[in-house]
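Reading the sequence shown from the start, the letters are residues 1120 to 1319 in our numbering.
The structure appears right after this line, and notes come after that.
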Amino acid sequence: MELCEEKPEDWHEVEALMDLCFAPGRTALSSYRLRDGVDPVRGLCLLLRADGAIRAAIRFWPVQVGGQPVLLLGPIAVHPTAQGEGLGAWLMQESLGRARAMGWARVMLVGDAPYYSRFGFQKLEAVEMPPPTNPDRVLGLELQPGAWIGVEGPVMRASGLETAPAHDKVERAGDCRDVEPRKEAPDGRSQAGRPAPDHG
Ligand SMILES: CC(C)(COP(=O)(O)OP(=O)(O)OC[C@H]1O[C@@H](n2cnc3c(N)ncnc32)[C@H](O)[C@@H]1OP(=O)(O)O)[C@@H](O)C(=O)NCCC(=O)NCCS
1120 MELCEEKPED WHEVEALMDL CFAPGRTALS SYRLRDGVDP VRGLCLLLRA
1170 DGAIRAAIRF WPVQVGGQPV LLLGPIAVHP TAQGEGLGAW LMQESLGRAR
1220 AMGWARVMLV GDAPYYSRFG FQKLEAVEMP PPTNPDRVLG LELQPGAWIG
1270 VEGPVMRASG LETAPAHDKV ERAGDCRDVE PRKEAPDGRS QAGRPAPDHG
């Protein structure tokens, strides 16, 4: 499998994957209004490809809360034929590691707490998404200790890269590289190399 940074020419293929994975009308959600007219964060929008086809994708946008830069994670989608194999978790860990290395301090998303809590996301009590958003689905993660302390209020569109950390200091690969995402076993070990399950 190949890990690639999303390029402009990938846009429509990623959109098709999102359309396949989400209910119709996804772009009517309030989180999309925070993305309209704002460039996604380069270096964090990642794809997993197998045999030339996109199997999974994740995107990030910059937003602001209380005047502070925040990463808005999402959407993330895994092709229905590849769900439950660990691709989503692998993309989450890879992109969050990159975000930390880029100097981002905090990340938020709107999603299912039972899934995202495994990556450390917790409900953001004092952060308000534009309505209509279920407040229980507004989740955050600190990439630097204490980064969400005192960061409160409505989520606002980012006005530009001046709100983001210094991306220039990050080494940018640009190309794809081979990776082997594997679902983590409950004991934390990778399942790579384990016997294949018996499908009977
Ligand atoms: C959600 C999604 C990104 C997860 O990626 P994935 O590669 O299928 O998931 P992983 O293999 O990393 O993890 C699978 C685990 O997550 C759980 N899981 C998946 N979606 C979940 C959800 N919405 N709520 C709670 N748990 C969820 C599975 O039950 C499984 O649990 P287990 O490890 O205890 O068996 C993917 O299933 C997907 O694209 N779904 C449709 C689009 C979507 O819902 N995106 C997220 C919006 S909140």
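Where a beta carbon is used, it is the ideal one built from N, C-alpha and C, also for glycine.
As the structure is a computational prediction, the values presented were derived from the model and not from experiment.
Tell me whether residue i counts as near ligand 1, meaning its Cβ is closer than 7 Å to at least one heavy atom of that ligand.
i        : result
Gln-1202 : yes
Val-1257 : no
Leu-1206 : yes
Pro-1188 : no
Tyr-1151 : no
Pro-1233 : yes
Phe-1230 : Here residue 1230 turns out to be Gly, not Phe, going by the sequence shown. At least one heavy atom of ligand 1 is nearer than 7 Å to the Cβ of Gly-1230, so yes.
Phe-1141 : yes
Val-1197 : yes
Lys-1302 : yes
State the CB to CB distance for the pair residue i and residue j, rounded to an integer number of angstroms; the pair is presumed to be in contact (CB under 8 Å).
i        : j        : result
Val-1157 : Ala-1232 : Between Ala-1232 and Val-1157 the Cβ distance is about 26 Å, and since that is not below 8 Å, they are no contact.
Val-1260 : Val-1229 : Residue identity check: residue 1260 is Leu in the sequence provided, not Val. Going by Cβ atoms, the distance from Leu-1260 to Val-1229 rounds to 13 Å, so no, they are not a contact pair.
Val-1182 : Leu-1153 : 5 Å
Pro-1159 : Phe-1179 : 6 Å
Ala-1173 : Glu-1132 : The amino acid at residue 1173 is misidentified as Ala; the sequence shows Ile. Correct: roughly 5 Å between the Cβ atoms.
Glu-1125 : Leu-1165 : 7 Å
Leu-1122 : Val-1298 : 5 Å
His-1206 : Leu-1262 : The displayed chain sequence assigns Leu, not His, to residue 1206. Contact flag wrong, Cβ pair sits at about 22 Å.
Return helix, strand or coil for residue i, following the three-state DSSP convention.
i        : result
Glu-1299 : coil
Val-1270 : coil
Arg-1256 : helix
Val-1157 : coil
Cys-1123 : strand
Met-1137 : helix
Ala-1315 : Residue confidence for Ala-1315 is low, a pLDDT of 36 falling below 50, so the modelled location carries little weight and cannot support an answer.
Asp-1129 : helix
Could you check which residue in the options has the C-alpha nearest to that of residue i?
i        : options                                : result
Ser-1149 : Ala-1196, Pro-1273, Leu-1122           : Pro-1273
Met-1224 : Pro-1249, Val-1184, Arg-1237           : Residue identity check: residue 1224 is Ala in the sequence provided, not Met. Nearest C-alpha to Ala-1224: Val-1184.
Glu-1247 : Leu-1191, Cys-1140, Tyr-1235           : Leu-1191
Ala-1175 : Glu-1213, Asp-1155, Pro-1188           : Glu-1213
Val-1270 : Glu-1128, Tyr-1151, Pro-1127, Val-1189 : Val-1189
Trp-1209 : Ile-1195, Gly-1222, Met-1221           : Ile-1195
Ile-1235 : Gly-1222, Gly-1205, Leu-1258           : Looking at the sequence itself, residue 1235 is Tyr, so the reference to Ile does not match. Ranking the options by Cα distance to Tyr-1235, first place goes to Leu-1258.
Trp-1267 : Pro-1250, Pro-1254, Lys-1242, Thr-1252 : Lys-1242
Ala-1147 : Glu-1128, Thr-1252, Gln-1263, Met-1211 : Thr-1252
Lys-1302 : Met-1211, Ala-1169, Asp-1255, Gly-1171 : Met-1211
Ala-1245 : Glu-1204, Asp-1255, Gly-1239, Leu-1206 : Asp-1255
Arg-1217 : Arg-1161, Leu-1136, Leu-1139, Asp-1170 : Arg-1161
Leu-1139 : Tyr-1151, Asp-1155, Thr-1200           : Thr-1200
Arg-1296 : Pro-1143, Glu-1128, Ala-1169, Gly-1193 : Ala-1169
Met-1275 : Trp-1130, Gly-1186, Arg-1237           : Gly-1186
Tyr-1151 : Gly-1239, Met-1221, Arg-1237, Pro-1250 : Pro-1250
Gly-1193 : Glu-1204, Arg-1145, Pro-1300           : Arg-1145
Mind pulling the beta strand (DSSP E) runs of 3 or more residues that sit fully within the segment 1211 to 1251?
Runs found: 1225 to 1229.
Extract the residue ranges of the beta strand (DSSP E) inside the segment 1164 to 1217, only unbroken runs of 3 or more that lie entirely within it.
If we require 3 residues or more, the beta strand (DSSP E) runs fully inside the segment 1164 to 1217 come out as 1165 to 1169, 1172 to 1184, 1187 to 1197.
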